[in-house]
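Top line first, the protein sequences correspond to chains F and Z.
Quick note: the first sequence uses my numbering, first residue 90, plus one each step.
Quick note: the second sequence uses my numbering, first residue 90, plus one each step.
Structure, as structure tokens:
There are 2 protein chains.
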Amino acid sequence: MSASSDRSSSVDSPGADSTQLLADVVDGTEAALRRYFDSRADEVALIGEEYRAAVDVLSRFVLLGGKRVRPLFAYLGWLAVPTGEGRSAPDRPDSDAAIATFAALELVQACALIHDDIIDRSDTRRGRPTAHRQFEATHRGADWSGDAAHYGVSAAVIVGDLALAWADDMIADAPITPESLRRVRSIWSIMRTEVLGGQLLDIVTEASGNESIDAAYRVMRHKTAGYTVSRPLTLGAALAGADEELQQTLLAAGTDLGLAFQLRDDVLGVFGDAARTGKPSGDDLVAAKRTALLAVALRRAHDRDPALADRLRALIGHPLTEAELDEARAIFVDVGALEEIETTIDELTTRAFDRLRGADAEPTAVGALASFTARLAHRES
Amino acid sequence: MSASSDRSSSVDSPGADSTQLLADVVDGTEAALRRYFDSRADEVALIGEEYRAAVDVLSRFVLLGGKRVRPLFAYLGWLAVPTGEGRSAPDRPDSDAAIATFAALELVQACALIHDDIIDRSDTRRGRPTAHRQFEATHRGADWSGDAAHYGVSAAVIVGDLALAWADDMIADAPITPESLRRVRSIWSIMRTEVLGGQLLDIVTEASGNESIDAAYRVMRHKTAGYTVSRPLTLGAALAGADEELQQTLLAAGTDLGLAFQLRDDVLGVFGDAARTGKPSGDDLVAAKRTALLAVALRRAHDRDPALADRLRALIGHPLTEAELDEARAIFVDVGALEEIETTIDELTTRAFDRLRGADAEPTAVGALASFTARLAHRES
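Okay, structure coming up:
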């Protein structure tokens, strides 16, 4: 593959070139994941046919879906490190080795999604039944004894654990030097601890009905911004031997972009068009998701009239009629919450790219990052 | 600590010396785990107070309980490698570094137990509420909204994941050379894949009501024998630079010992004295656990009279009166299942020690292994 074969030519027209580059990274990631599953097939089959079937559910989950967002950010971080003489690590791996390393992020993500779907009791994911629902269906189909739903959850807990264990195995066996691995692993370690912390804060915030803007931002920061954007970016840069200053810039810019990314998601969760997002319109309101958008709306509604905040609270956490949905959306608009969040998205994005353009980073990578984040911001799901 | 300070003197009286040696390994393991939790405290606290409280549940779980069986087997595998000139790896770590490495096995075990307790819907573990019950109690105590039991399971899934992630971080950061790490990691990788396979086979065997002896042995082999004994033994030996022949001997002997260990557990699960084992008598019958003992009893009962097998089936899977428990036990004895399993335990144990005594292994380590496994076989819980 040739993701980085022509790094200097795309400054004039970053859009077209970076589209091809990103597509190459996606292909490389998927090929690496396929090779990894193949490499473990014999070991799994020896343990038992039932295990093989369960691991098949995992491999389909990983290979058939996902936008490979985390490996893409990691690749862009790797690409951002200047390669002038003596300016990156002497053991900087080539493009293929870097992509094979970043593919492990997709296995962490498989664990996160499979376990999150248990936590959220979700029935579908990427247009198919969630893992625990698939295992439940196996139980019912075979007419086994006991509680099929509990069996489904149990098997999905185990398979999610396997994805997490294999993510670590894949990183440990990545085709990079021990010194490169050491650089990657310090970020890998923080990243997993952080995303699990974000998930824990998320369920506590939900259960405790915490309406504070601060709580919503803490969940976003750890569950999304760090895990999805800033840690992958920094991990990629570390693999390429980035100096401390560039790593800090990528961490700060990645956090801003990650927050903007999640805020966009929150707006789509209330205002998104079902036909375009693929999720029911007003999804986040039905689920009473503790987003920053909701926290800002409740605070602003309360400041205007406590009864208005109560009305908004009454409109969430249950199925909504079209009229109720319109009423809720009107409150978000009227109190200025939508505008505040849109402004924040703009500010975060601007600040992130100001940081990146002011840093000693490869302009090609910054251009590709701009076109990739713009595409994510206008994504349909 | 001085676990290996006097390795040549204990051949005459292995019992007393090895008791002190094993106690030292337990102390070293716990000190390493305590240092590890301390080393991550700031990172966790930065993410949030709620996360800190959840990680406290994990650290108490790890630090306050457990017999440290896996680190002990790993240490004995390490000790078994002859240290004569040029006979073990030049980078063989010292005793303290080895124990600090093996302590990571306790974090894998924390994940396995916390997630297993969700799967088995267990309420207590080591005399305290299971992790998911502790989190459920937090939810109830704080009078949060939503389903407290589901919150408990969700938080325990997350905390189990963290234990698994930290196990890998602890191994990656172990105070050993990259070459030593490479030797350890190949076994570490198989071990985690294998134990998750054993757990999966276990729930499938249970749900499908599989009565075959083969299925019971496959679960034992992967969920217990490999994970608890043979993989830790081999991992320890690999760290000390054991040659392939000794590793294979330890793998085979460890599998035999692990199977014997689980068969002893199965016997205690039917015949054990509640006052000594700490579990209700006949526990495995109430839970209809698909043990080899049960599989052998059902096959032998069926061979004598299919109605007797049906009677035994009718006696399991629900609370039993004392009379029913006595009747079930009498069937296990009458059909010769108890005797067959006891004979198998003896044969496996004899074969394991024949292998070990015939191998080029340190006699001190083999003696300590004999006294440790004898103690486990007569354990009270």
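Even for Gly, the Cβ is constructed at its ideal location relative to N, Cα and C.
Would you mind working out which of the options sits nearest residue i, comparing C-alpha positions?
i: Leu152/Z; options: Leu165/Z, Gly173/Z and Ala193/Z; result: Ala193/Z
i: Asp549/Z; options: Ala412/F, Ala331/F and Leu285/F; result: Absent from the structure is residue 549/Z, since the part of chain Z shown begins at 90 and ends at 470.
i: Gly371/Z; options: Ile208/Z, Glu334/Z, Ala305/Z and Leu404/Z; result: Leu404/Z
i: Ala439/Z; options: Leu324/Z, Ala463/Z, Leu328/Z and Leu322/Z; result: Per the sequence shown, the amino acid found at residue 439/Z is Thr instead of Ala. The candidate whose alpha carbon is nearest that of Thr439/Z is Ala463/Z.
i: Ser184/Z; options: Leu196/Z, Pro160/Z and Ala201/Z; result: Pro160/Z
i: Ile265/Z; options: Gly287/Z, Ile188/Z and Trp233/Z; result: Ile188/Z
i: Ala448/Z; options: His391/Z, Leu335/Z, Ala349/Z and Gly361/Z; result: Leu335/Z
i: Leu437/F; options: Leu346/F, Thr453/F, Pro408/F and Pro369/F; result: Leu346/F
i: Phe224/F; options: Glu431/F, Ala143/F, Arg176/F and Gln198/F; result: Ala143/F
i: Ala390/Z; options: Asp236/Z, Asp423/Z and Thr410/Z; result: Asp423/Z
i: Arg176/F; options: Thr432/F, Glu333/F and Pro408/F; result: Glu333/F
i: Asp145/F; options: Val158/F, Gly155/F, Ala169/F and Arg123/F; result: Arg123/F
i: Leu374/F; options: Glu411/F, Ala396/F and Ala121/F; result: Glu411/F
i: Glu119/F; options: Glu139/F, Ser107/F, Glu138/F and Val158/F; result: Val158/F
i: Ile434/F; options: Leu348/F, Asp399/F, Arg365/F and Ile279/F; result: Leu348/F
i: Arg393/Z; options: Phe421/Z, Thr380/Z and Ile276/Z; result: Phe421/Z
i: Ile208/F; options: Ser460/F, Ala296/F, Arg281/F and Gly456/F; result: Ala296/F
i: Ala245/F; options: Ala261/F, Asp232/F and Thr227/F; result: Thr227/F
i: Ser303/Z; options: Ala441/Z, Asp262/Z and Leu382/Z; result: In the sequence under discussion, the amino acid at residue 303/Z is Asp, which differs from the Ser named in the question. That would be Leu382/Z, whose Cα lies nearest to the Cα of Asp303/Z.
Along chain Z, in chain order, which residues have C-beta atoms closer than 9 Å to that of residue i?
i: Arg274/F; result: Asp258, Ala261 and Asp262
i: Pro321/F; result: Residues of chain Z passing the Cβ test: none, with the nearest at roughly 16 Å.
By the criterion of Cβ-Cβ separation under 8 Å, what are the contact partners of residue i in chain F?
i: Ile434/Z; result: Per Cβ cutoff of 8 Å: no residues; Ile434/Z is ~24 Å from chain F at best.
i: Gln288/Z; result: Ile247
i: Tyr316/Z; result: Those do not exist, as Tyr316/Z stays about 12 Å from chain F at its closest Cβ, beyond 8 Å.
i: Pro267/Z; result: Pro267
Strictly below 7 Å CB to CB, what residues from chain Z border residue i?
i: Arg281/F; result: Ala254
i: Gly343/F; result: Here the premise fails: no neighbours, minimum Cβ distance about 17 Å.
i: Arg204/F; result: Note on residue identity: the sequence assigns His, not Arg, to residue 204/F. Neighbours of His204/F on chain Z, chain order: Val246 and Asp250.
i: Gly137/F; result: Gly286, Leu290 and Arg307
i: Tyr164/F; result: Those do not exist, as Tyr164/F stays about 23 Å from chain Z at its closest Cβ, beyond 7 Å.
i: His228/F; result: Ala296
Exposed or buried, residue i, counting other C-beta atoms within 10 Å across all chains shown (16 or more means buried)?
i: Val273/Z; result: buried
i: Leu458/F; result: buried
i: Gln351/F; result: buried
i: Lys312/Z; result: buried
i: Arg229/F; result: exposed
i: His221/Z; result: buried
i: Glu174/F; result: exposed
i: Gly330/F; result: buried
i: Lys378/F; result: buried
i: Ser128/Z; result: exposed
i: Ser234/Z; result: exposed
i: Asp399/F; result: exposed
i: Ser301/F; result: exposed
i: Pro182/F; result: buried
i: Gln288/Z; result: buried
i: Thr213/F; result: exposed
Using a Cβ cut-off of 7 Å, pull out every chain F residue sitting near residue i, in sequence order please.
i: Val146/Z; result: Near Val146/Z there are no residues of chain F at all, since even the closest Cβ is about 11 Å away, more than 7 Å.
i: Ser297/Z; result: Ala231 and Trp233
i: Tyr240/Z; result: Ile292 and Ala296
i: Ser278/Z; result: Asp258
i: Tyr125/Z; result: By Cβ distance, chain F contributes nothing, its closest Cβ being about 12 Å from Tyr125/Z, past 7 Å.
i: Val422/Z; result: Within 7 Å Cβ-Cβ: nothing; Val422/Z doesn't reach chain F, min ~27 Å.
i: His311/Z; result: Ile136
Residue i touches chain C at which residues, Cβ-Cβ below 7 Å?
i: Ser243/F; result: The structure shown contains no chain C; its protein chains are F and Z.
In chain Z, what lies closer than 8 Å to residue i by C-beta?
i: Arg129/F; result: Thr282
i: Leu143/F; result: The sequence given here places Ala at residue 143/F; Leu does not occur at that position. Under the 8 Å cutoff, chain Z gives Leu289.
i: Val133/F; result: Thr282 and Gly286
**Prompt:** Curious, which full-length beta strand (DSSP E) runs of at least 3 residues does the stretch 235-301 of chain F contain?
**Reply:** none
**Item:** Secondary structure, alpha helix (DSSP H): runs of 4+ residues fully inside the stretch 166-196 of chain F
**Value:** 184-191
**Prompt:** Would you call the stretch 411-431 of chain Z and the stretch 386-402 of chain Z touching, i.e. three or more CB-CB distances under 8 Å?
**Reply:** yes
**Asked** Taking only runs of the alpha helix (DSSP H) that begin and end inside the stretch 106-161 of chain Z, which ones reach a length of at least 4 residues, in chain order?
**Response** 138-152
**Message:** Could you tell me which whole beta strand (DSSP E) segments of length 3 or greater appear in the stretch 442-469 of chain F?
**Reply:** none
**Message:** Closer than 8 Å is the cut-off here; do at least three beta carbon pairs connect the stretch 312-330 of chain F with the stretch 155-169 of chain F?
**Reply:** yes
**Prompt:** Should the stretch 280-296 of chain F be called in touch with the stretch 226-242 of chain Z, which here means at least 3 C-beta pairs below 8 Å?
**Reply:** yes
**Prompt:** Touch check for the stretch 342-351 of chain F and the stretch 411-418 of chain F: three-plus C-beta pairs under 8 Å?
**Reply:** no
**Runs of alpha helix (DSSP H) wholly within the stretch 376-422 of chain Z (minimum 4 residues, chain order)** = 381-393 and 395-403
**Prompt:** Pairing CB atoms from the stretch 194-203 of chain Z with CB atoms from the stretch 245-263 of chain Z, are three or more of them under 8 Å?
**Reply:** yes
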